[in-house]
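A.B. asks: Protein chains in written order, with this note's numbering: chain W, 15 to 281; chain X, 15 to 281. By construction, the Cβ of each residue, glycine as well, lies at the ideal position given by its N, Cα and C atoms.
Number of protein chains: 2
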Amino acid sequence: MTDDPWVPPVVLLAVDLVILTLRESRLHVLLIERGVDPYKGTLALPGRFLQHSGEGITAAARRELSEETDLDVATLRLEQLGVYGDPGRDPRGRVVSVAYLAIAPRLPEPSAGTDAAAAGWHPSDRVLSGDLALAFDHRRIIADGIERARVKLEHSALATAFCGPTFTITDLQRVYEAVWGIELDPRNFYRKVQKTEGFIVPAGTARKSATGRPARVFRAGPRTVLHPPLVRPAEASSAKEQESEQPPDRDPHRTRSGVSSHPGEVG
Amino acid sequence: MTDDPWVPPVVLLAVDLVILTLRESRLHVLLIERGVDPYKGTLALPGRFLQHSGEGITAAARRELSEETDLDVATLRLEQLGVYGDPGRDPRGRVVSVAYLAIAPRLPEPSAGTDAAAAGWHPSDRVLSGDLALAFDHRRIIADGIERARVKLEHSALATAFCGPTFTITDLQRVYEAVWGIELDPRNFYRKVQKTEGFIVPAGTARKSATGRPARVFRAGPRTVLHPPLVRPAEASSAKEQESEQPPDRDPHRTRSGVSSHPGEVG
DNA sequence: TAGCTTTTTGTCAAACTGACAGAAATAGCC
DNA sequence: GGCTATTTCTGTCAGTTTGACAAAAAGCTA
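(1) Pull up the DSSP beta-bridge partners for A116(W), would you.
(2) In chain W, which residues lie with their C-beta within 7 Å of the C-beta of A248(X)?
(3) Rounded to a whole number of angstroms, what is the C-alpha to C-alpha distance between E255(X) and R153(X)?
(4) With P22(W) and L26(X) assumed to form a contact (beta carbons below 8 Å), what rounded beta-carbon distance in angstroms separates them?
(5) In whole angstroms, what is the alpha-carbon distance linking V189(X) and T83(X)?
(6) Tell me the rounded alpha-carbon separation between S258(X) and D158(X).
(7) With 8 Å as the threshold, decide whether the Cβ of S80(X) is near any Cβ in chain W.
(8) Where does V87(W) fall in DSSP's three states?
(9) Counting along the chain, where does the beta strand (DSSP E) carrying I46(X) start and finish?
(10) If you follow the beta strand (DSSP E) that H136(W) is part of, which residue opens it and which one closes it?
(11) Using 8 Å for Cβ pairs, my map puts P216(X) next to F203(X). What's the rounded Cβ distance?
(12) Whose Cβ in chain W lies nearer than 8 Å to the Cβ of V215(X)?
(13) In chain order, what residues of the same chain lie with their CB nearer than 7 Å to the CB of V29(W), ignoring the 5 residues before and after it?
(14) Using the beta-carbon of each residue, which ones in chain W are nearer than 7 Å to G99(X)?
(15) Work out the CA separation of A163(X) and I117(X) for me, nearest whole Å.
(16) At which residues does the alpha helix (DSSP H) containing F232(W) begin and terminate?
(17) Do the stretch 237–250 of chain X and the stretch 160–178 of chain X touch if we need at least three Cβ pairs shorter than 8 Å?
(18) How would you list, in chain order, the residues of chain X whose beta-carbon sits under 8 Å from the beta-carbon of L64(W)?
(19) What residues from chain W crowd round R108(X), counting only those whose CB sits closer than 7 Å?
(20) Identify whether S111(X) lies in helix, strand or coil by the three-state DSSP scheme.
(21) The beta strand (DSSP E) with G61(W) in it runs from where to where?
(22) Count the other C-beta atoms from every protein chain shown that fall within 10 angstroms of the C-beta of E161(W), then say buried if there are 16 or more, exposed otherwise.
(23) Check whether the Cβ of V282(W) lies closer than 8 Å to any Cβ atom in chain X.
(24) When you compare the CB of G96(X) with every CB in chain W, is at least one pair closer than 8 Å?
(25) For L57(W), which of helix, strand or coil comes out of DSSP?
(26) Can you tell me whether P228(W) is buried or exposed? The criterion is at least 16 other CB atoms within 10 Å of its CB, across all chains shown.
(27) Please confirm if V245(X) has its CB atom under 8 Å from at least one CB of chain W.
(28) Taking the C-alpha atoms as reference points, what is the distance between I33(W) and L44(W)?
(29) Opposite Y98(X) in the DSSP bridges: which residues?
(30) Using the three-state DSSP reduction, which class does I196(X) fall into: helix, strand or coil?
(31) With DSSP collapsed to three states, give me the class of G70(W).
(32) In the stretch 136–166 of chain X, which residue ranges form an unbroken alpha helix (DSSP H) of at least 4 residues, counting only runs that do not cross its ends?
(33) So, with DSSP's three-state summary, where would you put A173(X)?
(34) Using a Cβ-Cβ cut-off of 8 Å (strictly less than) and excluding sequence neighbours within five positions of Y53(X), which residues of its own chain qualify?
(35) What's the call for T182(W), buried or exposed, on a 16-neighbour Cβ count within 10 Å?
(36) Under 8 Å by Cβ, that's how I've got A132(X) and I46(X) pegged, so tell me the actual separation to the nearest angstrom.
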């Protein structure tokens, strides 16, 4: 990888977590308020530095996850989102951060777990719109995470991860609608979901409803890949091109046509 | 991200490149023979350490790319694949590597660019089968890169990146067949590709053929996302679950059902 | 029981898919 | 030139899926 006499530069390695959930049919992301400089007092993703040089990256992410949520960490899945390491993104020095994506069902209301002072859920659209100011390049990381979730909803059974152990088909539809930001026809959604064998399976005799006809209850089936995919309508998937390694909103030449669904594409 | 008095551990940051191309209708990956320990004499992905602490990660990847191929780097696209940073993956210390994926059309035969002694193309199946021994965790990185390419072929116009500036529909079909490892019906492929507006556009009057009816020539169109996607047959997409941050083949509990198309998913 | 709401079962035309037939355009060979 | 081999391209056809929408079913409220 390199020659001998020369000594490569070192960097500080951190992990950041994009934890998404649904509250009142809207997509939310977990943010903390930073207690120290830089960006003291600003909202940011939960994250941490590698604890010691022998700690695995995913181990660090999992530990951070367990500190921020009281959920059973074993049941959550962490998916690597990408690396964010622009020089200058962190005034403390060369910090390279590995971002992870996690999907959580609606958590027990007060999300705080430990001392991490102000941790709370914030609507994702307020983050994406720039309404909420975020530390570092965390807004871009969240945007990438949400886009990843959108794509994964099409091809995997990820949507069930947003729900509790059991749910109705309408619950599942709300997930798709919230993440995709569109409305779906209940009849067609019902048909599609039912036809995809192994996606959801009936869960006992239980039924739930507030008003209207009681709905059947299901739980997640064994299948994790959806074949054929549950494609979102054409207009909804025309996302924007994404870049990294440079300050966001730098390039006015972004085309509307391009999308990679995998952030970090560069010329 | 952390408290104050404590000092986070440092890591060495490297980039590794998975460069794929097609030769004689087979998928190949660019490998170099390591000239120094560790793994001296073993095949490995082209890669390098960050040159100085202010160098961007993508910049490092792009520089390595330009050293290994004589292609116009500006025309190639680099896509971030993921981070590989298991402790112990590199005997020299804590090395975290950011992997990038690049797709190249058939390059001018001798692939070497600079002094990087033995650089050459190797069939991807010989790598995946374990037939060729690779340094570090590079076999896994390549596997992840190929799986990424497979998925991207469905949803993006990536396939044209394997071809030269102009190509025939059959050329394009060969790309899909090589990367997916299956055969496609020429008639249906023709129809599908033609119907996807903006995917490929006619390129002048030129025609080429060796034997048989001369084929029309096309070049890549403006569209980068394929809508609707060009789905591969069901059996072909039943891939294996992937993990990272741990030595491969560690966990006997891997399920056959799960796949994420995005490597690095962990429980 | 009537009215309201939400779930669930259908229906129907249009679009798409997979399998396959066959015409068109060239090169090579006798 | 005529024949064959080969590859490209244009259709066809039945089965499936999709999107839009109708209407029945099953509860709650009044």
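C.D. replies: By the coordinates alone:
(1) I33(W), L92(W)
(2) H241
(3) Legend: pLDDT at E255(X) = 34, less than 50; position of this residue unreliable, value from coordinates given subsequently. When rounded, the distance between both Cα atoms is 15 Å.
(4) 5 Å
(5) 20 Å
(6) Here the model assigns S258(X) a pLDDT of 36, short of 50, so the residue's position is not dependable, and the following value carries that caveat. When rounded, the distance between both Cα atoms is 10 Å.
(7) no
(8) helix
(9) 40–47
(10) 133–137
(11) No, P216(X) and F203(X) are not in contact; Cβ-Cβ is about 17 Å, not under 8 Å.
(12) By Cβ distance, chain W contributes nothing, its closest Cβ being about 14 Å from V215(X), past 8 Å.
(13) G61, R62, I71, A74, A75, E78, S111, V112, Y114
(14) I71
(15) 9 Å
(16) Careful: F232(W) lies outside any alpha helix (DSSP H), inside the beta strand (DSSP E) at 229–234.
(17) yes
(18) P22, P23, V25
(19) S67
(20) strand
(21) 61–63
(22) buried
(23) The first residue shown for chain W is 15 and the last is 281, placing residue 282(W) beyond what the model contains.
(24) yes
(25) strand
(26) exposed
(27) yes
(28) 6 Å
(29) S111(X)
(30) coil
(31) coil
(32) 138–142
(33) helix
(34) A149, F150
(35) buried
(36) 6 Å
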